[in-house]
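Using this note's numbering, you'd call the opening residue of the sequence shown number 141 and step up by one each time.
Working notes for the structure below.
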Amino acid sequence: MACSLAWYSVAAGVVSVVAISIVCSRKHAYSKEAVYSKEVIRAGEFGEVHKGCWKFPGKREIYVAIKMLKAGYSKKQLWDFPSEASIMGQFDHPNVIHLEGVVTKSRPVMIITEFTEIGALDSFLRQITDSSW
141 MACSLAWYSV
151 AAGVVSVVAI
161 SIVCSRKHAY
171 SKEAVYSKEV
181 IRAGEFGEVH
191 KGCWKFPGKR
201 EIYVAIKMLK
211 AGYSKKQLWD
221 FPSEASIMGQ
231 FDHPNVIHLE
241 GVVTKSRPVM
251 IITEFTEIGA
261 LDSFLRQITD
271 SSW
């Protein structure tokens, strides 16, 4: 699956970021109205991950993980955020979290993935390692 990331504008000879667009052949960009948060499940220095629901037109709601940047993010963080989605969109394997889609045309920008009850892989692996010693 091919994904590309584009976001640029040139005005008076200066390139600046004005819009984010992630194009993946089997992924879709959705409006934030289709997604809603139920609870924050993890918070970091730059963002939060929420357990939420995603309503597809004409289909039932599904549980999803919604990753969002916190207010006050830097330009670099804004650049890195959609790059993460672009990388995730390249994988299609049952053992890898599936990228469901992105919300890029409004704020906050969101990366929407399948939801897993075990949470973040790094935390899960630490629990397994700690309990097995």
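Virtual Cβ for every residue (Gly too), placed ideally from N, Cα, C.
Since we're looking at a predicted model, the values are computed, not measured.
**Asked** Are there 16 or more other CB atoms within 10 angstroms of the CB of A205, so buried, or fewer, so exposed?
**Response** buried
**Message:** On a Cα-Cα basis, can you pick out the residue from Y213, E224, F186, K195 that is closest to Y176?
**Reply:** K195
**Message:** For D227, report the span of its alpha helix (DSSP H) as first-last.
**Reply:** Just to set this straight, residue 227 is Ile in the shown sequence, not Asp. Its alpha helix (DSSP H) spans residues 215-228.
**Prompt:** Do you know how far the Cα of E179 is from the Cα of E201?
**Reply:** 16 Å
**Request:** Please report how far the alpha carbon of F186 lies from the alpha carbon of D262, in whole angstroms.
**Result:** 17 Å
**Asked** For T253, which of helix, strand or coil comes out of DSSP?
**Response** strand
**Request:** May I have the straight-line CA-CA distance separating I268 from T256, to the nearest angstrom?
**Result:** 16 Å
**Prompt:** Alpha carbon to alpha carbon, what distance is there between S226 and P248?
**Reply:** 17 Å
**Prompt:** Short check: CB of I251 to CB of K191, under 8 Å?
**Reply:** no
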